[in-house]
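Peer 1: In the order they appear, the protein sequences are chains A and B.
At position 272 of the first sequence the residue is numbered 272 (this note's numbering), and the sequence of numbers has no breaks.
Numbering-wise, this note's numbering comes out as the position in the second sequence, counting from 1, plus 1000.
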Amino acid sequence: MIDTGEVSAFRDLHTRLGDAVEGAVRGKRDVVDLVLVAMFAGGHVLLEDVPGTGKTTLARAVAGALGGVSRRVQFTPDLLPSDVTGTSVYDPQTGQIRFRPGPVFANIVLADEINRAAAKTQSALLEVMEERTVTIDGVGHSVPDPFLVVATQNPIDLDGTYRLPEAQLDRFMLRTSIGYPSVEDELDVLRPGSGAGRIADVRTVSSPREVSSFSARLSLLHVADPILQYISALGTGTRSDERLRLGTSTRGLRTLVRCAQVYAASKGRHFVVPQDVQDIADPVLAHRLVLTRESVLSGVTTSEVLADVLSRVPVPKPAAQ
Amino acid sequence: MKREAVKFAWVSALLLVGALQLAQAWDGAFVYFGLAAFSGFLALLLKRFVPAGLAALAVMVVAMAGGFLMAKGASPDRDPTWVLLDTVPRLLTAARPAPATPELLVPGLLLIIGISTGAVLSVTRRGTALFVPALGAATLYVAAALLTTGRADSYGLVALTMVVVLALGWLIIDRRGPVVPPAVLATALAALTLLTFVLPANGFEPRKLVTPPVTDIAISNPLPQLASWAAQGETELFRMRGPEVPVRLVTLSRYSGASWEAASTYGPLGVVDAPDLPLGGKVQDASVDLQITGLQGEWLPGVGKPQAVSLSNAMVDPDTGSLVVADGLRTGLSYTVRGVVETPADNDLAEAQVPVDVTKYTALPRLPFTLADYARQATQNARTPYEKAVALEQVVRLNRRPDAEAPVGSSYARLETFLFGAEGESGANAGTAEQFASAYAVLARAVGLPTRVVVGFQPVPEQNGERIVRAADATAWPEVYFSGWGWVAFDPVSGNGSGPSAASKREVLNRLASTTAKPTPTSLASVPPLVQPSAVAGDAVAAPAAPKSFPFWVFTPVVLLVALYVARTSRRLRLRAAGPVGAWNEVLDALQLAGLRPKPSRTVPDVGREWGEAGARLAVVVDEAAFAPRPANDEQSWRLARQVKKAVRRKASWWRKLVWPVDPRPLFRR
């Protein structure tokens, strides 16, 4: 069980990290928080957005605030799996075959335009995301902890791309988008001499060790049974919706519980409330749902369906324990 | 604190004015009502320990119980519940002002206690602070106006005082700006109601809306008994002490053409409405002690118009003043009667008029022409009603002799025989007081004089401080009603009687004699009587009708409302004890009552946020209580919930606010 002191310490850390990142990414605190939630929950983030909205800046700022290593991989159709994971090379000086780690060996990996790479390369990355090890020539190489992949995907200009299959989308803990900033924030960004987008100015306010220690502890945060029943009811709700070909999986719901724990702690609570679940449901679940063909043609989105389900399923009534 | 004191002083002043105004409907009840006006402060004391609604309920229950006990004490032999339920119709039909007996005070006191409780408790709240006392004062004023038909405040001074006090309250206490619209509306309505009672003093009589609590008693008519009394002669009937006044046994005002009938509905003495024709302008009180020694039957001898009888089971017909004892007279019964005797001077009557719209006292169903014509001829020279009355007295008396052996009856046929019968015919020109009085009454009615017949006893001389009344003293006499002077007795048997002086009658007769020719009947037996004589005592003792059972179902809504209120209050107490979750349920109740029930898929913070700071804070506490591993019990939650509730209530429409405390819907919410 996690106590209030620990939670408030986490909240402080979360706030510090958020503040530091916000120095570079203006006016997107909610997205920053979500990315941090994914990091503490041990998951990965898929950012779906048009170019130029700060995806890369966000990933690098998080890495900067964390004090960890950040790498970036630009996915292209000719990118090979070994370009991502690393490869064994012969070292003439020692006369031995040595593993040269690829860009995934970092705390924050920015996989830019992941849908442009071939399926083989994508699955190499997804495997690392799931296994957290790279196996080359029978030898396992662990990636550092914490390990957060921020993949981006351009929802327009889809010619010559390989869309991530549903099963693989499921590997991402959260899918969200950054979107354009508000007018004031945009002016702030545009103003000459603005600190926005300047990664060098992001202060390092934590360490990978601190983050991973919290990450383990937060999974002990209290989730009351009515909340679990509510989450289960939401899952059933998506599975029985006629507009969906595929509802959310049990893994998806489990992820939702995990995210809700971190999200609740980030709000300074040592327990999860229904509002946490509702707040976090769309980024966690929407990309795991698959629409029927008719729904796609009628222009419905999975977020809309999920919103319907949320407004249909009654929240657990407050009851004395 | 000072503000509170001003508020309470204000509401006390308002209640006191209202209570004292209402007290005018009773005879000497100012002290009781003045004290009752402050009973609301009792609820205020209780409110420290229990919720306001419960405190008010407790005070009302105590008051009702007190009323119940008072009713029980007042009439120990009757079912107290019945007595209590009966008090309102009884009060509405009581004399004005009502005597301050416990039974009659109960409804007024309960009304004041209820209003006082509501008003005092309401000033401790903010929103309704000035509205409820205003409504309460208006209710008291209207009640007073109803009970006194507006006479309590004939010049509108009390109404003016109330309006001034109300206005002062609004000016001094409530400075929140424009008065809330419902208050304005209610005040306007109240003012309008007040006006309708203040302005026309002629019209509305609430007593007419209520059936007085009367008992139907069909009692044999004692007129035919006059003959048997006359035959009994010296048999002693009763003894009396007091002034020399005629004793009345029963007054008969209905004539069917075949016989005279007594009233058949009787109410408790002293608490029934005024008579249909008002008392005369000059009256005297007369009080006699009587002791029954031989008289039988249900009729109770009395004097004048009875005001008080020392027997608790005596009942009276308010119009005639006839007294009855339902279970009959018995030998040895002694009691005191206080009555009012009308004593007009001779001069008063000379020019007095008679009311024209009293068909009850001038009704002569199917009057034979002979009688009508005889009456017309007998009075053709008389100018005034008094002259007609005196002329008829002489016409009936002259050439006729009292005869105890004469046939009984007062049908048209018997009266025609009595008046026009040929010599030798049985009962011609001879009769008992029954025929003399009946003939006079029929003839007087025929010329438009409101007349009735009284059966009673002649005044007897005093012996050793006692007057012994014997059977031979029994007699009957007619009475004529003169506007402004009341019922005046005439004596067609002897010409003397207790009515106008002989000198005055002689003066009238002398004046008439110069022009009057004695009327003679034109056609005697040739005119068949239109009404066949029937058995006179035929309508003797019928079984008294069973008293109508009180429609208790009219209280069902009240009981239902009280039950709902209690259920809602106990739910609130339960929720209050249930900590933050209970507090949240209370908020949900309020939202439901206001018609703003949130969708079940909305979370607590989402709903709470809409109701400001308090709502947001409450939501945090509630979520913790519901979902945290070891919730801390937060004492603040109920206070926050009440703040939210207030905010919610402000949004509710007026009719939702009206049914707020008794709306059962939260009871069924799961």
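Using N, Cα and C, we set each Cβ at its ideal position, and we do this for glycine too.
Please check the pair SER1322/B and VAL1250/B, which I expect to be a contact at CB under 8 angstroms, by giving their CB distance rounded to whole angstroms.
Peer 2: Correct: roughly 5 angstroms between the Cβ atoms.
Peer 1: When Cβ atoms are compared, which residues of the region 1590-1602 of chain B fall closer than 8 angstroms to chain A?
Peer 2: The region 1590-1602 of chain B vs chain A, Cβ under 8 angstroms: LYS1599, PRO1600, SER1601, ARG1602.
Peer 1: Who are the Cβ neighbours of PRO103/A in its own chain at under 6 angstroms, not counting the five residues just before and after it?
Peer 2: Cβ neighbours of PRO103/A beyond the five flanking positions: ARG71, VAL73.
Peer 1: Does the CB of PRO1605/B have a neighbour CB from chain A at under 8 angstroms?
Peer 2: Answer yes: the Cβ-Cβ gap between PRO1605/B and chain A drops below 8 angstroms somewhere.
Peer 1: Going by the C-beta, is VAL1006/B closer than 7 angstroms to any heavy atom of the ligand FAD?
Peer 2: In the structure on display, the ligand FAD does not appear, and there are no ligands present to speak of.
Peer 1: Looking only at C-alpha atoms, which of ALA119/A, ASP282/A, ASP185/A, THR302/A sits nearest to ALA196/A?
Peer 2: Among ALA119/A, ASP282/A, ASP185/A, THR302/A, the Cα nearest to that of ALA196/A is on ASP185/A.
Peer 1: So which residues of chain B does ILE227/A contact, with C-beta pairs closer than 9 angstroms?
Peer 2: Result: PHE1627.
Peer 1: Under 8 angstroms by Cβ, that's how I've got TYR263/A and VAL37/A pegged, so tell me the actual separation to the nearest angstrom.
Peer 2: Going by Cβ atoms, the distance from TYR263/A to VAL37/A rounds to 5 angstroms, so yes, they are a contact pair.
Peer 1: Should ASN1585/B be labelled buried (16 or more other beta-carbon atoms within 10 Å of its own) or exposed?
Peer 2: Counting Cβ neighbours within 10 Å, ASN1585/B comes out buried, since at least 16 surround it.
Peer 1: Distance check for LYS1646/B and VAL32/A, CA to CA, integer angstroms please.
Peer 2: Distance between the alpha carbons of VAL32/A and LYS1646/B is about 39 angstroms.
Peer 1: Is any beta-carbon of chain A found at less than 8 angstroms from that of TRP1638/B?
Peer 2: It does not; no Cβ of chain A falls within 8 angstroms.
Peer 1: Using only alpha-carbon positions, find the residue among ASN1347/B, THR1320/B, ALA1413/B, ASN1313/B that is nearest to TYR1335/B.
Peer 2: Nearest option by C-alpha distance: ASN1313/B.
Peer 1: So, for VAL223/A: in the same chain, excluding its five sequence neighbours on each side, which residues have a beta-carbon less than 8 angstroms away from its beta-carbon?
Peer 2: Only VAL257, ALA260, GLN261, PHE271, VAL272 meet the Cβ criterion.
Peer 1: Looking at the structure shown, is THR1265/B part of a helix, part of a strand, or coil, going by DSSP?
Peer 2: Reduced to three states, the DSSP call for THR1265/B is strand.
Peer 1: Can you give me the C-alpha to C-alpha distance between TYR1255/B and PRO1365/B, rounded to a whole angstrom?
Peer 2: The alpha-carbon atoms of TYR1255/B and PRO1365/B are separated by roughly 8 angstroms.
Peer 1: May I ask which residues mark the beginning and end of the beta strand (DSSP E) holding ALA1314/B?
Peer 2: Element bounds for ALA1314/B: 1314-1316.
Peer 1: Taking the alpha-carbon of PHE1041/B as reference, which of ALA1029/B, ALA1058/B, PRO1661/B, ALA1263/B has the nearest alpha-carbon?
Peer 2: That would be ALA1058/B, whose Cα lies nearest to the Cα of PHE1041/B.
Peer 1: For TRP1299/B, write down the residues that DSSP places opposite it in a beta bridge.
Peer 2: Partner(s): VAL1324/B.
Peer 1: Just checking: is the beta-carbon of VAL1271/B within a distance shorter than 8 angstroms of some beta-carbon in chain A?
Peer 2: At VAL1271/B the pLDDT is 48, less than 50, meaning the model places this residue with poor confidence and gives no usable figure here.
Peer 1: Which residues mark the beginning and the end of the alpha helix (DSSP H) in which GLU304/A is found?
Peer 2: Taken as a continuous stretch (DSSP letters only), the alpha helix (DSSP H) holding GLU304/A covers 302-312.
Peer 1: Quick one: which unbroken alpha helix (DSSP H) runs of 4-plus residues sit fully inside the region 75-122 of chain A? Chain order, please.
Peer 2: Here the runs fully enclosed are 81-85.
Peer 1: GLY1267/B: which of GLY1409/B, VAL1158/B, LEU1092/B sits nearest, CA to CA?
Peer 2: Out of GLY1409/B, VAL1158/B, LEU1092/B, LEU1092/B has the C-alpha closest to the C-alpha of GLY1267/B.
Peer 1: Determine the contact status of THR1265/B and ASP1317/B, defining contact as a CB-CB distance below 8 angstroms.
Peer 2: Yes, these two residues count as a Cβ contact at 8 angstroms.
Peer 1: For the region 1586-1594 of chain B and the region 1054-1071 of chain B, state whether three or more C-beta atom pairs, one from each stretch, are separated by less than 8 angstroms.
Peer 2: Contact fails: fewer than three Cβ-Cβ distances are below 8 angstroms.
Peer 1: Go ahead and label LEU79/A buried or exposed: buried means 16 or more other beta carbons lie within 10 angstroms of its beta carbon, across all protein chains shown.
Peer 2: With 16 or more Cβ atoms within 10 Å of its Cβ, LEU79/A is classed as buried.
Peer 1: Please classify GLU1405/B as buried or exposed, where buried requires at least 16 other C-beta atoms within 10 Å of its C-beta.
Peer 2: Classification for GLU1405/B: exposed.
Peer 1: What is the DSSP secondary structure of GLU1425/B, reduced to helix, strand or coil?
Peer 2: Looking at GLU1425/B - three-state DSSP - the assignment turns out to be coil, as it is neither helix nor strand.
Peer 1: How about VAL211/A and PHE40/A: do their beta carbons lie closer than 8 angstroms?
Peer 2: The answer is yes: Cβ separation under 8 angstroms.
Peer 1: Of all the CB atoms in chain A, is at least one closer than 8 angstroms to the CB of TRP1082/B?
Peer 2: Not one chain A Cβ lies under 8 angstroms of TRP1082/B.
Peer 1: Cutting at 6 angstroms between CB atoms, please list the residues of its own chain near VAL45/A, excluding the five before and the five after it.
Peer 2: Correct list, in chain order: VAL35, ALA38, VAL150, LEU174.
Peer 1: According to the neighbour-count rule (16 or more other Cβ atoms, all chains shown, within 10 Å of its Cβ), is LEU110/A buried or exposed?
Peer 2: Its Cβ being crowded by 16 or more others within 10 Å, LEU110/A is buried.
Peer 1: If you count every other CB in all the chains shown that lies within 10 Å of the CB of PRO3/A, and 16 or more means buried, which is it?
Peer 2: Before going further, note that residue 3/A is Asp rather than Pro in the sequence given. It is exposed - the Cβ of ASP3/A has fewer than 16 other Cβ atoms within 10 Å.
Peer 1: With a cut-off of 8 angstroms, does the C-beta of TRP1611/B fall near any C-beta of chain A?
Peer 2: Chain A contact via Cβ: absent.
Peer 1: With three or more C-beta pairs closer than 8 angstroms as the rule, is the region 54-62 of chain A touching the region 83-102 of chain A?
Peer 2: Taking 8 angstroms as the limit for Cβ pairs, the verdict is that the region 54-62 of chain A does not touch the region 83-102 of chain A.
Peer 1: Going by DSSP in three states, ALA1025/B sits in which element: helix, strand or coil?
Peer 2: If DSSP states are grouped into helix, strand and coil, ALA1025/B belongs with coil.
Peer 1: Pop quiz: VAL1604/B and PRO226/A are said to be a contact at Cβ under 8 angstroms. What is the actual Cβ separation, rounded to whole angstroms?
Peer 2: With 8 angstroms as the limit, VAL1604/B and PRO226/A do not qualify as a contact, their Cβ atoms being about 12 angstroms apart.
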